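Visitor:
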C-alpha cells in the first residue's frame, strides 16, 4: 500500500504491508490511559520547592464543581497548559497546580434542587471533574490540589478573616444591601448583573441588613496606582480603574435654614457652586428624617419605601425617569447665600461621596432632567464661549447646546469675582477661596465601597466570631480553628434573613473565650470569593497544618508569573485577591504586594449556532464524546488551532477532523521512519524551515498565539513528509515542538519510535540558529526628504526602528543623517524608508 500526500510518490521507507499498518494504528484510548497513570506515578510534573532552577509559577483559575466539564473549561485549561509544558522543557522549575472552588451558592442551589446534601453533590462533582481533567492530559502538579470546602483549607480562610479583624479591616455594620429573594442571601454589588442575581437571575431588592464587611476601600489608592506596574490586558486595568472610580473635587458645607447643623456635599465640579439651585439626598441618608417637615412626612416616607424596591443599577440608569420628594427644608448656598430646597431622589446613592449632591441643572444632565420635571431653577454659570463675543456667536453656541446641560469647560459666568475666568484656571482658585471662607476643602472620593462578605446560607466557611452579652464581639481563638461547618438535616435557607446554621443549637451555643459565659456563634457563612482570594498562596505549601504556607515557600514561588482565566472576574476575584495580598503584606505575612505579575484572558467558545452554550439551548459541546472518538490530543490541538485564544468563537464540529488527520499523519510518519543512528544530512532549505519553525513556535506560545504556532508546525511537518533525507535532529526537534500541544502522541512516539526512556516533556526545548531562522534578505530603498540616496540589505520583516538604525550606520548613507533629528519618517515594511529632516 502506498501512502500519498498531494499525489506525490513517497519515499521507500513509507511503504508498508497491510499487516504492519494495522499493528501500528494509534490506539488513543489505550495509550492515553497508560500515560495518565505513568505521569502520576512517576511525578513527571511535580514541582520541587528546593530546586535551584529558575521558578515559573503558572496558574489557571480553578474550577467551580457545579457539574461536568464542558468544552469551555477545556478552552481555558488545555491551551494554557501549552505554556507550562514549554517552560518546563526550557529548564524552568514549573509549578502548575490545580484545585476546586467548592463552596458557594451554585453548588448549594443545585444540591437543593436535587434534594442532595451540598457536600455530597460538590464532592461527587469534584471526583467526576478530576477524572475529566486527567483525560485532558494537563501537566498539573496534583500533589498540590486544594479544595476550598475541606476543613484543612477553610481553617486558614477563617484565620485570614481574623487577621483582617485584628487590623480593623473586617467589621460589622447595618447597611443597605442587595438581597436576592430566591437565594435568600445578601449579594455583593459585583454579584448583581443588570439588577438581577448573577446566579439565579432573580430580581434583586435593597434592604438594610447587618453584615460583616471587608474594608477594601482602605486600599483604594494603592489598588489604583499599582495597576500601572502590572503586565495585564489594558482593558482589564481600565475596568478596575473605573470600578474603583477615584474622583477629585471638593467637599462643601451647606448650612440648613433654621437649624444649627449643616450638610456636607462632595462635588467634582466645585466651579459650578454659583449654579447650585437645590440639594438632593439619597433616600437612605441618615439626615432625611430630621430634615423632613411634618407636612411632607407621609410623602417622603412613601417615596423612601418606593425607592427601596429599586436596584442600584436601576437607580443609576440614565434611561430611567427621575423621581423624588421635597423634604420641606431649605439649605443655604454658601456662595450665593440664597435659600435652595432640599429634595430626596433615588438617583443619588448613599454610599457614593456623602450621599448628597448639590444640583446644578445647567451643567449636569441628570440634574437638568430632575429640575425640568419638578420646575426647579436653572442657572447658567459656565459658558462655552469667551466673554466679549458678539451676539451672533453667542446665539450659535446657545443653539448648539440646545436643551441639554453644558458639561464642558469654558468661561465662568454669573460667578461673582470669578466671572470671565477660564474654568481650568478658576477651579483651583475657587477651592482655595472656599477653604479661606471656611466652608469647603479639597476632597477625593471613590465609587468603590466595602466588600460585604456575610452570606445567609449553609454551604460556606463559618465566620469565626462569637457574640457575648458581656464582652460583645469576640474573635474565635486561632488555636480553636477551624470552626467546623456542622452537618445539618435542614440546610435550606429559612427565608427570615438568617442562615440555616441559626437552627442548629449545637452549633450556635458556645462559651465566650474571654469570660467563659454562655455565648452564641455567628451563623452567617463567608462569601465564596473570600476562599478564592488567597487559594493561590496555599498551592505553595498545601499540606502545612501549622500555617497557611511557610514564608520560605511563599518567597520561592510567589508572585505568580502567569495567570490565565476569564475576564468576567475583573472586578470580583481579581480585585479581591489584590486586596487580600496587600492586607497580608501589611500584616507581615507576605513580601510582595501584587499576586499576579502577568495576566491573560481566554475568549469564550460559543455553540455551533453562534450562541452562548447552555443546556436549555441544546448547544453544549461535550468534550468526553470528542475524546472518546478522536483522543485528547486532537481536542487539545483543535482548541489551540481554532482561532485567536483571547477571542474564542463558535465551535465548528467539522473542523476537528482536519486536526485529527494531521496527528494521524504524524503518527504514521514516525511509525514508518524509526530513528537512525546514521543521520541523514538535511538540505539548507529543510534546515531553514526547521529553525524558523523553532523560533516561530517558541515566540507564539509566549504570546498565546497557539493557532499560528500550529500553522507553522503543519508547514514544517509537510517539509519533513516530502523529503527523502531527514535527520534525527529534525525529527526530534519537530516532536519536541509538538509535545506541549499533543502530549500523549508525542510521549508515545518519543519512547516507542525514537527509543528514549526519559519523558519528552522533560527533554530540552530545541534551540534555533539565528542565521538559519532569519527570513530572506531584501534591498530597502532609503530616501532622505523624498530623494533616493541608496539601498541597504536587510532581513525581511525588519521593523522601522531597526531599519532607521541600519540606514544611519551605513557607510554610504551616514553623511545624509549627520546627527540630525528627523521630523517625520515614512516606512513601508520590506520596501522603503523616507526620513524627513528640516530643510536648511
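Residue numbers (my numbering): 30 to 869. For glycine and all other residues, C-beta sits at the position ideal for the given N, C-alpha and C. Since the structure is predicted, the reported quantities are computational estimates derived from the model, not experimental observations.
Tell me the rounded alpha-carbon separation between residue 42 and residue 666.
Guide: With a pLDDT of only 39 at residue 42, under the threshold of 50, the placement of this residue in the model should not be trusted; the figure read from the coordinates follows. About 27 Å.
Visitor: Please list the terminal residues of the continuous alpha helix (DSSP H) segment that includes residue 201.
Guide: Here residue 201 belongs to no alpha helix (DSSP H); instead the beta strand (DSSP E) covers 199-209.
Visitor: Run the CB neighbour count on residue 868, radius 10 Å, all protein chains shown included, and call it buried at 16 or more, exposed below.
Guide: That one is exposed.
Visitor: Can you tell me whether DSSP reads residue 669 as helix, strand or coil?
Guide: DSSP places residue 669 in helix when its eight states are reduced to three.
Visitor: So what does residue 474 bridge to, in DSSP terms?
Guide: Partner(s): 276.
Visitor: Out of 395, 512 and 464, which has the shortest C-alpha to C-alpha gap to residue 435?
Guide: If we check each option's Cα against that of residue 435, 395 comes out closest.
Visitor: Looking only at its chain, what residues have a beta carbon closer than 7 Å to the beta carbon of residue 752, apart from the 5 residues adjacent to it on each side?
Guide: So the qualifying residues of the chain are 715.
Visitor: Leaving out the 5 sequence neighbours to the left and right, which residues in its chain are closer than 7 Å to residue 27 when beta-carbon positions are compared?
Guide: Residue 27 lies beyond the residue range present for the chain, which begins at 30 and ends at 869; the question has no answer from this structure.
Visitor: Does DSSP put residue 678 in a helix, a strand or coil?
Guide: Residue state, collapsed to three classes: strand.
Visitor: With three or more C-beta pairs closer than 8 Å as the rule, is the segment 117-134 touching the segment 166-174?
Guide: With a cut-off of 8 Å, the segment 117-134 and the segment 166-174 count as touching, because enough Cβ pairs lie within range.
Visitor: What first and last residue would you give for the alpha helix (DSSP H) that runs through residue 178?
Guide: No alpha helix (DSSP H) contains residue 178, which DSSP labels as neither H nor E.
Visitor: Which residue spans inside the segment 501-573 form an unbroken beta strand (DSSP E) run of at least 3?
Guide: 501-504, 538-540 and 547-550, all fully within the segment 501-573.
Visitor: Among 389, 608 and 449, which one has its Cα closest to the Cα of residue 413?
Guide: For the residues 389, 608 and 449, the minimum Cα distance to residue 413 belongs to 449.
Visitor: From residue 686 to residue 696, what distance separates their C-alpha atoms?
Guide: Distance between the alpha carbons of residue 686 and residue 696: 15 Å.
Visitor: When the Cβ atoms of the segment 480-497 are set against those of the segment 190-206, are three or more pairs found closer than 8 Å?
Guide: With a cut-off of 8 Å, the segment 190-206 and the segment 480-497 count as touching, because enough Cβ pairs lie within range.
Visitor: How many Å lie between residue 130 and residue 202 at the Cα?
Guide: Cα to Cα, residue 130 sits roughly 28 Å from residue 202.
Visitor: Pop quiz: residue 320 and residue 358 are said to be a contact at Cβ under 8 Å. What is the actual Cβ separation, rounded to whole angstroms?
Guide: Confirmed, about 4 Å.
Visitor: DSSP three-state call for residue 433: helix, strand or coil?
Guide: Residue 433 falls in the coil class under three-state DSSP.
Visitor: Checking 8 Å against the spacing of the C-beta atoms, do residue 489 and residue 557 come in under that value?
Guide: Against a cut-off of 8 Å, the Cβ pair of residue 557 and residue 489 comes out as a contact.
Visitor: Is the distance from the Cβ of residue 136 to the Cβ of residue 94 below 8 Å?
Guide: For residue 136 and residue 94, yes; Cβs fall inside 8 Å.
Visitor: Could you say if the segment 465-477 and the segment 276-285 meet the contact criterion of at least three C-beta pairs nearer than 8 Å?
Guide: Contact holds: three or more Cβ-Cβ distances are below 8 Å.
Visitor: From which residue to which residue does the alpha helix (DSSP H) around residue 781 run?
Guide: Its alpha helix (DSSP H) spans residues 772-781.
Visitor: Do the CB positions of residue 630 and residue 595 come within less than 8 Å of each other?
Guide: A contact, by the Cβ cut-off of 8 Å.
Visitor: Near residue 233, which residues of its chain fall below 7 Å by C-beta distance, leaving aside the five closest residues on each side in sequence?
Guide: Only 207, 208, 209, 216, 221, 224, 225, 226 and 340 meet the Cβ criterion.
Visitor: Less than 8 Å between the C-beta atoms of residue 779 and residue 766, yes or no?
Guide: Contact flag unset, no.
Visitor: Does residue 858 come out as helix, strand or coil in the three-state DSSP assignment?
Guide: Correct three-state label for residue 858: coil.
Visitor: Bridge partners for residue 863 per DSSP, in chain order?
Guide: Beta-bridge pairing links residue 863 to 812 and 855.
Visitor: Quick one, are the C-beta atoms of residue 770 and residue 89 less than 8 Å apart?
Guide: Not closer than 8 Å, so no.
Visitor: Going by the CB atoms, is the gap between residue 55 and residue 726 shorter than 8 Å?
Guide: It is not a contact, given that the beta carbons lie outside the stated cut-off.
Visitor: Assign residue 579 to one of three DSSP states: helix, strand, or coil.
Guide: If DSSP states are grouped into helix, strand and coil, residue 579 belongs with coil.
Visitor: Using only CA atoms, which one of 818, 264, 650 and 854 lies nearest to residue 844?
Guide: Checking every option, the nearest Cα to that of residue 844 belongs to 818.
Visitor: Provide the residue span of the alpha helix (DSSP H) that contains residue 395, from first to last.
Guide: It spans 394-403 - the alpha helix (DSSP H) in which residue 395 sits, taken as one unbroken run.
Visitor: What did DSSP end up calling residue 795 once you bin it into helix, strand or coil?
Guide: Coil at residue 795, not helix or strand.
Visitor: Restricting to runs no shorter than 4 residues, where is the alpha helix (DSSP H) found entirely within the segment 580-656?
Guide: Runs of the alpha helix (DSSP H) inside the segment 580-656: 580-586 and 602-615.
Visitor: Strictly by DSSP, which residues pair up with residue 491?
Guide: Bridge partners of residue 491: 554.
Visitor: Would you kindly work out how many angstroms separate the C-alpha atoms of residue 392 and residue 724, rounded to a whole number?
Guide: If I take the Cα positions, the gap works out to 57 Å.
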